[in-house]
Amino acid sequence: MTEMETDDDGEAILREKSLIDVIFSWSFKDVLNKDLYKDKVKNIPSTFQSIALYMESFIFPLIEETHADLSSSFDKVASASICKILSIEEVESKKPSDKCLYIIKVEKKESSGDGSAYEPETGDLFAITDVRPTCFDDLNRPTMSYIIALVQQVTNEKDYIKIKVFSSRPFLVEQGIRERHIKGSLFLVSLINTTTNTRIWNSLSFGLERQNSKVIQKILEPDFYVTGKEKCNLCLQGEVYRVCRSKILASNWLINLNDSQQEAVLNCLATKYCHHENTTKLIWGPPGTGKTKTVSALLFLLLSLNCRTVTCAPTNIAVLEVSGRALKLVLESCEFLTYGLGDIVLFGNRKRMNIDNQDELLHIFLDYRAKVLARCFTPASGWKYSLQYLIALLENTELLYQLYSINGQEEDADAELYQKYDNNPNYDGDSGNAVLRKESLKNKEDKTQKRYVQGVKDEWKKRLGEVIAKTIKLNDESQLGRGFCGNKKHSRSVPRKSCNDSHQTKARLNLEDFVTSRLNCKLEAFTFYVVNFVMHLPTSLLSAVVAKDMIKAVNLLHSLSTLLQSVTFGGTSLKEVFVRNKEAERRVTGSFSDVELVKQECLKILKSLPNSFFEPEDEFSIKNQILKNACLLFCTASSSFKLHETDAELLVIDEAAQLKECESTIPLQIPGLRHAILIGDEWQLPAMVKSKVCEEAKFGRSLFERLALLRFKKHLLNLQYRMHPSISSFPNREFYQNQIIDAPNVRSTGYQKHFLQGEIFGAYSFINVTCGNEEVVDGHSIQNMVEVVVVCEVVANLFKGFISSGEKISIGIISPYNAQIAAIKENLGTKYSTDDESDFSVDVRSVDGFQGGEKDVIIISAVRSNANRSIGFLSNSRRVNVALTRARHCLWIFGNEATLKSSGSVWKTLVHDARVRGCFHDAQNDKDLVKAMAAALIDIDLLDIKIRLYSVLFQGTRWKVSVDDNFWKAMEKIKSIKIRKKAISILMKLSSDLQWPRTEHILINYLSSVLLTGYFILF
């Protein structure tokens, strides 16, 4: 036994070891020992005496779950991702802790088990071996036992991937390893990723050190569950709730909440004003009740109150969903352009979030935003330089041009003038140009505004479409390291492919061309910076006044550029506009007055703009500034550990019932946190747990569920907008005690859809498939080929209907078993689109995969069909609830009545309910399904084909044809599936269509004899 296993003090384990230390202590035998921690894992209680006991209760379940995950990866090692090691280099360090650090270079060309390109990630756990393993025993060969290594850093090079790893033991000192290293016959075998579990472990440690345990401490207090106090008395006296309700009503034109949603948001919104207590709120959102809409509305209102809020979810998909909905509300409410988006930030694993394909969400993603702002803050060519250059160009034109003429290079002139302005931001220049007096500008403002500024908003929006399109293109990862005009490296000035300078033509520019070309080139960069600052800077760093001035400056500069072009093309010199003495200024008349006014207004605004918003050192410091100043932050619960160095007022956990309680301790310890809001539904699927021991110990239970079990007050969203009433009826009664009301939209006549003819395909049906037979595939998963064929037949008929009607339809096929999912996908092939945007789409997934999704038609294949009436994990009520609540218009359940009804589970109630409501049907009553089932039975060549085929073929046919033994003998001798299907087809036609006496067997006997003699083809 290891030291880890003999230590009964969970707190001591957290103090003395990291999770990686525990993993590294396991031997090969330990990893394969399924009962290694069986006696250590205790049932997690519902109440706790202290925060220390609370944290300790998760320690051994977390270790056991990690162990089960690693053990499972050993079982699947043959299909694991593998990288060939090119070289290994030990990291030299005097620190004892660094003795097992190595830099490993691996090939890029290897692929993962699913055929996609594979790249190691930080937190990945690898086995280093000298063979490509085909089974777990290959990891422990006598010539070389595997070595565990943890990825700490990954760098992508051109021809290889460089990985910094920390190994379980030093290995280059071993002679066998050295020889294999030299020969180049070492491999990295991917096992598991430890990132989330490591963060949970660290969070449990933080809890013991009291990082910020106020909210956790509150939910552990005994009277917290008893009182269930909804409103703080002090806040109530201060009419906080009245203020909050007014806020909701004022914004309801945009968010459009129903009464239950408003009430839930009201109670949560009031917590922003409460500084007297630490509170936790629960919003209970059954399927289709607008849970995500409610959350996004709450976040939108919290943003308007400038309440710093962290929003977490268990998965990347859930985070993307809620952040996308909140972003949409913010975009719709922006007073001007995209100002305010900087207050919203999304962060996490870019690859797993597939953020590059998320369009709008890309622009609030932390890494992307930091790269864009880093480009804007480039010292030699960024915002500060661009701003000062434009001021110099308008105010000190002659000096700038003289420097250009002397040096012949813009870089020298720019640098000198930039230095002058950098040292003295208030420098007025020597040209003698003076800003027009405020009174004069005010008197002429109306005329100037009418001609050049009036309608700026419309003109800006029109121009912004082009600017943003260009900005988005420039903001692309591949372009961020380039200049605006195509230069591959940053130079002191803004790159100027479009500038007609001395580098592009040997002739020296005259003053007019110099001013025009420089203005246009610098304006492109300036516009880029303004668009990105408005979009990406938090409002605490960029005020609305400054943002509007920046936008106004861009408009005026564009107007000035247009005016200069018109003056230049008219053959008139610009010198009188930009280079004047004082007497000439007093004679401003004619065609130059408008130009002069716009120029002076530009100068006034440009000089008022800040040179910097903060002092960034690198992208990392920019990320820190964004995280510190943003108002709404979105991430997974695991990724929220990055916020432990900053603070927040309020925490919102979406899909909280899917999050392990121990994982929720990560965001609950964010510094400054005072309140938590949990949104979820404990009647949907909980977090996935691999270890059966942990599952029994309630390791997968969420904080939401535990509080609900303690009868803590929940705000119920009670109006569902998704399901036809026939579909919502059973889950509402079975799981939600008839508390859910069908919204008017689902009760309307138009919501009833008839995609297929016949009573069997109404809004809700249980379709009994008696002749199916389940079989075990790959030693663990189950499939039922008769149900597979039936489901595919229904999809084929739906497609025929779609071709005829052209009515758009989305179909979801749900099955609890992976083998059944794979078989359905194989039978469907590639005929149907899987894209939700397609007019006809078919999506086949597990129950877990469909949680949170919805389709027009849902087809469920229950699979289980056996004599002992066993249905395994299919009996899980939550899994049933999720499957039953995904459909909008039609839900068709295919299953074996006898097996499901006798299981003693929720399925017994479901089958009985279907019979009582007249929604129960036999598959044998549908002609197309009968043919499909018969064909399926022949395909799988069942031994009892005679009995099964006989009952299937003649159920519902015109004649109950008596088929003698000769026919069945003939069928058994015929090995060709094609011929057997043909025989069955003829038999069905005889029994269905021909008008002949019941006792006449001539044709049947003839068919049998033909089969026996082998001449069936002639028939």
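Numbering that gives the first Met the number 0 numbers the first residue of the sequence shown as 0 and each following residue consecutively. Glycine included, C-beta positions come from ideal geometry on N, C-alpha and C.
Could you spell out where the alpha helix (DSSP H) holding residue i opens and where it closes?
i: R535; result: A quick correction: the sequence has His, not Arg, at residue 535. Residues 510 to 535.
i: A636; result: First-last for A636: undefined, no H or E at that position.
i: R349; result: 349 to 352
i: W382; result: 382 to 394
i: D366; result: 365 to 375
i: A325; result: 315 to 332
i: S804; result: 784 to 804
i: L302; result: 290 to 303
i: T664; result: 660 to 667
i: L265; result: 258 to 268
Kindly give me the distance between the Cβ atoms of residue i and residue j, rounded to whole angstroms, as I take these residues to be in contact under 8 Å.
i: D342; j: A629; result: 6 Å
i: F532; j: C375; result: 7 Å
i: Q819; j: V787; result: 7 Å
i: F734; j: W891; result: Actually they are not in contact, since the Cβ atoms of F734 and W891 sit about 20 Å apart, beyond 8 Å.
i: N257; j: L718; result: 5 Å
i: V745; j: M722; result: 6 Å
i: L302; j: L631; result: 5 Å
Between residue i and residue j, is the Cβ-Cβ spacing less than 8 Å?
i: A675; j: T154; result: no
i: I147; j: L185; result: no
i: Q850; j: L684; result: yes
i: P44; j: T884; result: no
i: C311; j: T635; result: yes
i: I103; j: I84; result: yes
i: L297; j: V264; result: yes
i: I810; j: V794; result: yes
i: A655; j: G679; result: yes
i: N895; j: G771; result: yes
i: Y750; j: I726; result: no
i: S295; j: A325; result: yes
i: Y384; j: F513; result: no
i: P313; j: A67; result: no
i: L541; j: F613; result: no
i: I808; j: L797; result: yes
Smallest Cα separation from residue i: which of the options?
i: F364; options: V929, C918, M534, N519; result: M534
i: P609; options: I665, H557, V529; result: V529
i: L677; options: T193, S701, N867, C99; result: S701
i: V164; options: K907, V150, E156, F170; result: V150
i: Y816; options: E806, L510, H779; result: H779
i: I191; options: D123, I199, I162; result: D123
i: L602; options: L559, S620, L632, P615; result: L559
i: L650; options: I665, C661, R507, A882; result: I665
i: I669; options: S637, S690, L658, K697; result: S637
i: K350; options: Y159, T121, Q736, A686; result: T121
i: I621; options: T293, L372, F125; result: L372
i: P169; options: N201, L541, L100; result: L100
i: L393; options: A543, G323, M549, E600; result: E600
i: E64; options: E648, I808, K39, R844; result: K39
i: K752; options: D653, V856, A742, S832; result: V856
i: A77; options: S332, I19, L187; result: L187
i: Q738; options: S202, Q756, H714, V846; result: H714
i: T538; options: K98, I625, T748; result: I625
Consider the Cβ of residue i: report whether some Cβ of chain B lies at a distance smaller than 8 Å.
i: I823; result: Among the chains of the structure shown, chain B does not appear; only one protein chain is present.
Terminal residues of the continuous beta strand (DSSP E) containing residue i?
i: S24; result: Note, S24: premise wrong, no beta strand (DSSP E); not H, not E.
i: D921; result: 919 to 921
i: R844; result: 839 to 844
i: L540; result: Unbroken run through L540: none, as it is neither H nor E.
i: E118; result: Run containing E118: none; DSSP gives neither H nor E here.
i: N155; result: 146 to 155
i: I766; result: 763 to 767
| field | Minimum length 4: unbroken alpha helix (DSSP H) runs contained in the segment 48 to 80 | value | As far as the segment 48 to 80 is concerned, its whole alpha helix (DSSP H) runs of at least 4 residues are 50 to 55, 58 to 74.
Please specify which runs of the alpha helix (DSSP H), each continuous and at least 4 residues long, are wholly inside the segment 688 to 721, giving them in chain order. Contiguous alpha helix (DSSP H) elements confined to the segment 688 to 721 occur at 691 to 695, 702 to 708, taking only those with 4 or more residues.
Entirely within the segment 877 to 914 and at least 4 residues each: give me those alpha helix (DSSP H) ranges in chain order.
-> Here the runs fully enclosed are 896 to 900.
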